[in-house]
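Residue numbering for the sequence shown follows the working numbering, beginning at 29 and increasing consecutively. Accompanying notes for the structure given below.
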Amino acid sequence: VLASGRVAEPLPESLQPQAGARQQAVMDYLRWGGFPPLYRLGATDEKRDRWLRDYVRTYLDRDVRDLADIRKLETFSRVVRHLAHDSGNLLVPSAAAGRAGVQTTTLQRFLRLLDMSYIAFVLPAWERNAHKRLAKSPKLHFWDPGILRTLTSNSGPLTGAAFESAIVAEMLKQAMNAGLSKDAF
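Next comes the structure, spelled out in structure tokens:
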């Protein structure tokens with residue numbers, strides 16, 4: 029609509045309730061993420077919060093650690109939580125490793141693990157020149173806003189960077205579901 033220069037007409041009254049339901053669905057997604065168990069009939073905010081904490085504890089703190097043969101759970105958990113606070117921001121591995129108290133190689137190993145397990149991903153910077161593209165700092169994003177909020181212990185509104193992560197992740201999910209390339213910048 030914007031590209032064509034036309035102005036969108038307001039929604040007809042018959043669609044107003046649907047628009048309200050859609051808006052609530054978006055708000056719920058941004059708050060809780062997209063895992064189906066969170067939307068079961070009768071799920072309260074307390075149950076959703078507990079489910080997300082249990083998921084983080086079970087999947088990230090146990091299953092991923094076991095799959096990757098991570099010996100020190102505390103280190104992995106600490107790094108993941110530090111990275112969650114960096115979601116939506118430029119990623120400078122040496123600086124992120126320093127903040128998390130690990131070597132850069134350890135941080136990069138954990139990033140690969142988070143990418144393989146669809147928890148987080150690194151989005152390369154865009155530049156026409158491929159050599160410059162490699163030199164620019166990428167951004168880190170988490171796939172699910174509910175998991176991100178749980179890792180950062182954020183019960184309030186999303187920060188701008190976390191909102192950006194939710195939007196970028198959703199756009200990539202839609203592209204992948206449509207059979208388009210996962211490669212994005």
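All C-beta atoms in this analysis are idealised placements derived from N, C-alpha and C, irrespective of residue type, glycine included.
Item to complete: Give the DSSP bridge partners of L168, in chain order.
Response: V150
Practice prompt. Using three-state DSSP, classify L118 as helix, strand or coil.
Written response: strand
Item to complete: Verify whether the separation of the beta carbon atoms of A153 and K164 is less than 9 Å.
Response: yes
Worksheet entry | Exposed unless 16 or more other CB atoms sit within 10 angstroms - verdict on S181 | exposed
Fill in: Option in H113, V120 and R137 with minimal Cα separation from I98
R137
Worksheet item: Is there contact between the region 68 to 86 and the region 114 to 133, where contact requires at least three CB pairs shorter than 8 Å?
Response: no
Discussion item. By the three-class DSSP mapping on this structure, what secondary structure does V92 have?
Written reply: helix
Discussion item. So, for P173: in the same chain, excluding its five sequence neighbours on each side, which residues have a beta-carbon less than 6 Å away from its beta-carbon?
Written reply: L58, G61 and A194
Worksheet item: Roughly how many angstroms lie between the CA atoms of A124 and R78, to the nearest whole one?
Response: 29 Å
Worksheet entry | Residue of T86, F63 and Y87 minimising C-alpha distance to R76 | F63
Worksheet item: Can the beta-carbon of T178 be found closer than 9 Å to that of V92?
Response: no
Worksheet item: Around the C-beta of L66, are 16 or more other C-beta atoms found within 10 angstroms, so that it is buried, or is it exposed?
Response: buried
Worksheet item: Thinking C-beta only, is K167 closer than 9 Å to L135?
Response: no
Item to complete: Find the nearest neighbour of M144 within the set Q131, V196, Q202 and L95, judged by alpha-carbon distance.
Response: L95
Worksheet item: Is A206 helix, strand or coil when you go by DSSP?
Response: coil
Discussion item. Would T86 and V130 qualify as a contact pair, given that the criterion is a beta-carbon distance under 9 Å?
Written reply: no
Item to complete: With DSSP collapsed to three states, give me the class of K75.
Response: helix
Worksheet entry | Straight-line gap, L30 to E198 (C-alpha atoms, nearest Å) | In this predicted model, L30 has a pLDDT of only 39, less than 50, meaning its place in the structure is not dependable enough to derive any value.
Worksheet item: What three-state label does DSSP hand A218 in the structure shown?
Response: Outside the displayed range of the chain (29 to 213) lies residue 218, so it cannot be described from this structure.
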